[in-house]
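According to the UniProt record's numbering, the residues represented by the sequence shown are 1 to 74, in order. Data first, discussion second: the structure below is written as structure tokens.
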Amino acid sequence: MVRHIGEPADVIGLPRKQPEEGEAFFTKHGPVWHAPISLPAGDGALSMDTWAAIARDVMERTGIAPAGDPGACR
Numbered sequence: 001m002v003r004h005i006g007e008p009a010d011v012i013g014l015p016r017k018q019p020e021e022g023e024a025f026f027t028k029h030g031p032v033w034h035a036p037i038s039l040p041a042g043d044g045a046l047s048m049d050t051w052a053a054i055a056r057d058v059m060e061r062t063g064i065a066p067a068g069d070p071g072a073c074r
């Protein structure tokens, strides 16, 4: 059982505070946009590969991340 909420992060070596620019694990923060994507239950389950393709398509169509640019969006 986890005794402290930060314990899993400690185990894998993640910092407990937001790193400053130039420090390990620093990330630039910005706006977050959530896009719920669903399909009717009658369409059945989709594979993870299919969902990944859908996510890439949405990112490209919205202009958030161009196709083939894995670093454009986090």
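Beta carbons are placed, not taken as given, at the ideal position from N, Cα and C, and that holds for glycine.
What would DSSP say about glycine 13, mapped onto helix, strand or coil?
Correct three-state label for glycine 13: coil.
For a quick check, are the C-beta atoms of isoleucine 37 and isoleucine 54 less than 8 Å apart?
It is a contact, given that the beta carbons lie within the stated cut-off.
Would you identify the three-state DSSP class for proline 8, choosing helix, strand or coil?
Here proline 8 sits in helix by DSSP.
Alpha carbon to alpha carbon, how far is glutamate 60 from alanine 45? Give it in angstroms, no decimals.
Cα to Cα, the separation comes out at about 23 Å.
What is the residue span of the alpha helix (DSSP H) that valine 58 lies within?
Run containing valine 58: 48–61, per the alpha helix (DSSP H) assignment.
Using three-state DSSP, classify glycine 22 as helix, strand or coil.
Note: glycine 22 maps to coil in three-state DSSP.
Using the C-alpha atoms, what's the distance from aspartate 43 back to aspartate 49?
Aspartate 49 and aspartate 43: Cα-Cα distance of roughly 16 Å.
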